[in-house]
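A.B. asks:
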Amino acid sequence: MDHKKNFLSGMRDGIPIALGYFAVSFSLGIACRNIGMTAVESTVMSLTNLTSAGEFAALSIIVAGAGYWEMALSQLVINLRYMLMSAALSQKLAPETPFYHRLLVGYGVTDEIFGISVNVPGRLDPFYTYGAVAVASPGWALGTCLGVVLGNVLPDRVVVALSVALYGMFLAIVVPPAKKDRVLALLVLASMAASWAFPLVPFLAGISGGMKIIILTVLISAVAAVLFPVHEEKGETAEAEPCHE
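Be aware that the sequence shown starts at 9, since it is given in our numbering, and climbs by one per residue.
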């Protein structure tokens, strides 16, 4: 594989993700400032935790004065969906891909980076994901830092408007593949409908957002696998170039 070319391709695809991350993490930085965290503390937190829901939850736990076990358990539940994403991405990596590459790719698994990585044709070169993370992660951390430093300067309406950017960017990742595949489009619509209806079921309404995503992902993907199985073409493995160190 041409690692340099794939890395640059990942950086290109990671630019809109970085812009979306910057907008959302700006509001995260404001929340960090409101509980007394410094710009350095907030930036380090965002560099080591690429998860908006996890970090916002962590702030609430910090304010409540909860212990490390409560923090660890909450983060496990909130971010458990990334395990499913990592398992899916592991199937796109060449079998001989070294463990340290898999570990580094795991660091960058977020909803958006997973979305572009899983849509790479053939085998996934870890350097593609590295390129996307190299742009997206600094965007997330920089937005958090500036949110702490400058957050109170901007009007509330501007901050709220910035937070919408991430959803628009995520739609830009999902819509193009869905337009090319009717089955995928149907599954996207089914997922949206199920996600909307989930809180309406009495005994499911109290489940956390992260656990809801896991349940729906497993159920919908299982039904799709049964009704619309994907048959690998012969010679596909031979055509896919392996990833070397």
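C-beta: ideal position from N, C-alpha, C; glycine also.
Just so it is clear, the structure is predicted and the values come from calculations on it, not from any experiment.
(1) Are the CB atoms of F206 and K220 within a distance shorter than 7 Å?
(2) Can you tell me whether I43 is helix, strand or coil according to DSSP?
(3) Over what stretch of residues does the alpha helix (DSSP H) that includes I121 continue unbroken?
(4) What's the C-alpha gap between C153 and R20?
(5) Please state whether DSSP places V32 in a helix, a strand or coil.
(6) Whose C-beta lies closer than 7 Å to the C-beta of S60 among residues of the same chain, with five residues either side of it excluded?
(7) What separation, rounded to the nearest whole angstrom, lies between the Cα atoms of A74 and L67?
(8) Out of G130, L81, G22 and M91, point me to the one whose CA is closest to K100's CA.
(9) Would you kindly work out how many angstroms separate the C-alpha atoms of R190 and F236, rounded to a whole number?
(10) Looking at N42: is its Cβ nearer than 7 Å to the Cβ of G62?
(11) Return helix, strand or coil for A248, following the three-state DSSP convention.
(12) Does the distance from the CB of V117 to the CB of S94 come in under 7 Å?
(13) Can you give me the start and stop residues for the alpha helix (DSSP H) that A140 sits inside?
(14) Indicate the three-state DSSP secondary structure (helix, strand or coil) for T59 in the structure shown.
(15) Taking 7 Å as the cut-off, decide whether the C-beta atoms of D133 and N14 are in contact.
(16) Give every residue of the same chain whose Cβ lies closer than 8 Å to the Cβ of V71, excluding the five residues on either side of it in the sequence, and list them in chain order.
(17) Beta-carbon separation of G18 and A149 under 7 Å?
(18) I'd like to know whether the C-beta atoms of I69 and M79 end up nearer to each other than 7 Å.
(19) With a 10 Å radius around its C-beta and 16 neighbouring C-beta atoms as the bar for buried, classify I38 as buried or exposed.
(20) Does the beta-carbon distance from P185 to L192 come in below 7 Å?
(21) Considering only their Cβ atoms, is the gap separating A144 from G22 smaller than 7 Å?
(22) What span of residues does the alpha helix (DSSP H) with L197 cover, start to end?
C.D. replies: To lay it out plainly:
(1) Contact flag set, yes.
(2) coil
(3) D119 to V126 is the span of the alpha helix (DSSP H), which, as asked, contains I121.
(4) 23 Å
(5) Per DSSP, reduced to three states, the secondary structure at V32 is helical.
(6) V32 and L36
(7) 11 Å
(8) G130
(9) Rounded to whole angstroms, R190 to F236 spans 11 Å at the Cα level.
(10) no
(11) Note that A248 scores 43 on pLDDT, short of 50, meaning its location in the model is unreliable and no value can be drawn from it.
(12) Taking 7 Å as the cut-off, the beta carbon of V117 is found closer than this to the beta carbon of S94.
(13) P134 to L158
(14) coil
(15) yes
(16) I43
(17) no
(18) Against a cut-off of 7 Å, the Cβ pair of M79 and I69 comes out as a contact.
(19) The residue in question, I38, is buried, as its Cβ has 16 or more Cβ neighbours within 10 Å.
(20) yes
(21) yes
(22) R190 to A205
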